[in-house]
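Chains as they are written, first to last, in this note's numbering: chain A, 1 to 208; chain B, 1001 to 1208.
Beta carbons: idealized from backbone N, C-alpha and C, even for Gly.
Just so it is clear, the structure is predicted and the values come from calculations on it, not from any experiment.
Protein chains: 2
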Amino acid sequence: MRGLIAGLLRGEWRGGARLTEAEAVEKFGVSRTPVREALLELQGLGLVELRRNCGAVFLPFGPNELHEIYAVRSLLEVEAARLAAGKIGKESLDSLIAAFTRIRDSGGVDPDWEHDRTLHRVIAEASGNHRLSSEISRYGDLIQSVREIVGERDYGIHEMTADEHLSILKAIGENDSGAAAAAMKLHLEQASDSAAAAAELMRTTAKH
Amino acid sequence: MRGLIAGLLRGEWRGGARLTEAEAVEKFGVSRTPVREALLELQGLGLVELRRNCGAVFLPFGPNELHEIYAVRSLLEVEAARLAAGKIGKESLDSLIAAFTRIRDSGGVDPDWEHDRTLHRVIAEASGNHRLSSEISRYGDLIQSVREIVGERDYGIHEMTADEHLSILKAIGENDSGAAAAAMKLHLEQASDSAAAAAELMRTTAKH
DNA sequence: ATTACGTAAATTGTATACAATATAACACCT
DNA sequence: AGGTGTTATATTGTATACAATTTACGTAAT
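This is the structure we're talking about:
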């Protein structure tokens, strides 16, 4: 079923397009049960809208929608960064700092956003609020899904992103809540613009 | 299926208890398909944890969990109040103010939290951020579910709640973002304590 | 010509049967 | 006696058949 969601995301996502359960069954070669569960899951993430007897409508993801998503994500993660200040163990912090320093200096690429997701997960868990951490994890899934849809990659912005990550970690290590929150806010504003640009790029290239 | 969720919520919610799909089928007299969808929905709200081949575990809801939930809710709704300042139409605002003034002065009771939910919905929609509004709506469902679980009622706190609502509306009407955010924050802190107290009461009375 | 009604088609909601997988118990080996 | 492998059972994941509901179309009446 998890693979079904990935398949739906990878297929071309025309905003407003409708897909009935029967069409999805034919397209993916599975039965209606996993199709229904996958669509309900996507509805839970706010990616599709399920209308009775009308099929699932794929919601559009343009720059505006991405800015909205990142605005909510920012509320959650900025608070998590504030709460996590001074609460991440030294060894864990050092290993994260080493990883991002290496990435920044080597100019390496992280196509699956592996380190990025690890960083945000560690900060969320260090907040001490399980519910907040769980919501951030859910939004992480959403962000990853949207990245699939808009085809966002990290090429070109990687050194800058690593720097932003290091600023957040530095503030957390120094137990500076305000600085941690501010650094996270700035980082997510950059990420928001980057994602919106990817969406705009997809929109324009899909025109012809 | 919606009724199934209500049934699961109304049944005694012992934190940590496990319920297999087969048991739910026997208990509610429906087939596994709607049971599965209901459990997946509850998982999406973070009310149960689904472990493969182990049944669904009912997560506990004590004072600590409720404070966590309300902390997240506060992040969302405080921002919504800030954004909604000056954006609610006069007629809509006046009708809300009239309703809560009447409630406050008459000492009436709103057992299903009808007006409360309307107020928070109107503010969320006025924020202009559809995604934020959608998340607040989702948290409204969660809050309502938790109220069912812990048996929270609004008796006794109603005049105070109405006053808090009026403060929020006043600030929004005066286009004062800061005051609107502060009033909403205060209101949700009160609500958080009230919900936590209800959870504590349930815990202690369930002891014997 | 337009509207109302009825029927048929399509789509979702539900039930049940079957397959896959994980847990647990039990026997056997060391 | 303790550990390991195997088998049996329990539970979830999937497929298919059926019921209910809704939409759309066609026909007839005004």
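May I ask you to report which of helix, strand or coil DSSP gives Arg18 (chain A)?
Three-state result, Arg18 (chain A): strand.
Taking only beta-carbon atoms, is Leu1188 (chain B) less than 9 Å away from chain A?
Chain A, which has no Cβ nearer than 9 Å to the Cβ of Leu1188 (chain B), makes this no.
Tell me the DSSP secondary structure of Ala56 (chain A) in three-state form.
Correct three-state label for Ala56 (chain A): strand.
Per DSSP, what kind of secondary structure is Leu1050 (chain B) in: helix, strand or coil?
Residue state, collapsed to three classes: strand.
Shorter than 9 Å from the beta carbon of Leu1075 (chain B) to some beta carbon of chain A?
Yes - at least one Cβ of chain A is within 9 Å of the one on Leu1075 (chain B).
How close, in whole Å, do the beta carbons of Ser145 (chain A) and Leu47 (chain A) come, if the pair is a contact with beta carbons under 8 Å?
6 Å between Cβ atoms; contact.
Which value, in whole angstroms, describes the spacing of the CA atoms of Val109 (chain A) and Val122 (chain A)?
In a straight line, the C-alpha of Val109 (chain A) is about 21 Å away from that of Val122 (chain A).
Tell me, to the nearest whole angstrom, how far the beta carbon of Ala1081 (chain B) is from that of Ile1143 (chain B); I am working on the premise that it is less than 8 Å.
Not quite, the Cβ-Cβ distance comes to about 16 Å (not below 8 Å), so this is no contact.
Could you work out which residue in A:Gly11, A:Met1, A:Leu4 is closest to Gly151 (chain A) when comparing CA atoms only?
The shortest C-alpha separation from Gly151 (chain A) is found at A:Gly11.
At 4 residues or longer, and completely inside the segment 104 to 162 of chain A: list those alpha helix (DSSP H) runs for me, N to C.
You should have 114 to 126, 130 to 150.
Let me see if you follow: with CB-CB separation under 9 Å, is Thr33 (chain A) close to chain B or not?
Answer yes: the Cβ-Cβ gap between Thr33 (chain A) and chain B drops below 9 Å somewhere.
Secondary structure at Phe61 (chain A), three-state DSSP: helix, strand or coil?
If DSSP states are grouped into helix, strand and coil, Phe61 (chain A) belongs with coil.
If we define contact as Cβ-Cβ less than 9 Å, is Leu132 (chain A) a contact residue for chain B?
Chain B, which has a Cβ nearer than 9 Å to the Cβ of Leu132 (chain A), makes this yes.
Taking C-beta to C-beta, are Trp1113 (chain B) and Phe1058 (chain B) nearer than 9 Å?
No, they are not a contact pair.
Within this structure, are the beta carbons of Glu1164 (chain B) and Ala71 (chain A) separated by less than 9 Å?
No; because the gap between Cβ atoms is not below 9 Å, this pair is not in contact.
Using a C-beta to C-beta distance shorter than 9 Å, which residues of chain B count as neighbours of Leu40 (chain A)?
Ordered by position in chain B, the residues that pass the 9 Å Cβ test against Leu40 (chain A) are Glu1037, Leu1040, Glu1041, Gly1044.
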